[in-house]
Amino acid sequence: SMYERVTAVKTGIVVILASLALLGLLYFATGGTWFREWSYYRLRVEPGRLAPRVGDSIWVNGVDSGRVESIKFGTAPRDESEWRDPSRKEWATYVFIRARIDQERQLPRGTKGMISESLTGLRSLQLELADIDDPNDPNAYLTEADTRERPIAIRQAPDMTSVVTRFEEVGT
């Protein structure tokens, strides 16, 4: 009958609208990143007690700009600034990260980072953008290939234990 047909059409419209609303909610709940284009960079976390987890946010100048895609261990020569003996290269075991960064965020050469942990155990990986002379110079920015050869260095922020220990050392 006509009444059943109208009811079926109304029910169909409600189901479609509810499905669209659910998809919209999922899109915003996941950070609205479904249609973004990404650049992939390699980061190197210095040896220590902190390392990010897959899926952790990466912040660029205070803006959530990416995620940790994968993590692996590897050895690499320390930066020359970290060498204890200038006459020979020194090697260390690092945590290497494949980072997915929003393609709109260009990372200048010289960008460094820091990983920290709050008192509640929340870890934060911040990239600190280096200053550049000419923002229109394409060579002023890192490429994915650049960071495969020389990953972005990530240092560890002092944790509360080391801060208290240093404070005690100063007091004695």
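Quick note: the sequence shown uses our numbering, first residue 75, plus one each step. We put the beta carbon where it would ideally sit given N, CA and C, even for glycine. Predicted model only: the values in this text are computed from it and were never measured.
DSSP, reduced to helix, strand and coil, places K146 within a strand of the structure shown.
In the three-state DSSP reduction, S113 falls in the strand class (E or B). A103 and G129 have their C-alpha atoms spaced approximately 15 Å apart. Annotation for L97: the continuous alpha helix (DSSP H) segment containing it runs M76 to A103.
Residue pairing from DSSP leaves S161 without any beta-bridge partner. In this structure, L181 sits away from Y114, with a CB-CB distance that is not shorter than 8 Å.
When Cβ pairs closer than 8 Å are counted between the two stretches, the segment 134 to 143 is seen to touch the segment 169 to 178, the count reaching three or more. Three or more beta-carbon pairs drawn from the segment 194 to 206 and the segment 117 to 134 are found closer than 8 Å, and the two stretches are therefore classed as touching. About 5 Å separates the Cβ atoms of T185 and L203, confirming a contact at the 8 Å cut-off.
Bounds of the alpha helix (DSSP H) holding E218 are E218 to E223.
Nearest to I228 by C-alpha distance, out of K163, N213 and R123, is R123.
Per DSSP, the continuous beta strand (DSSP E) segment holding E202 begins and ends at R197 to E202.
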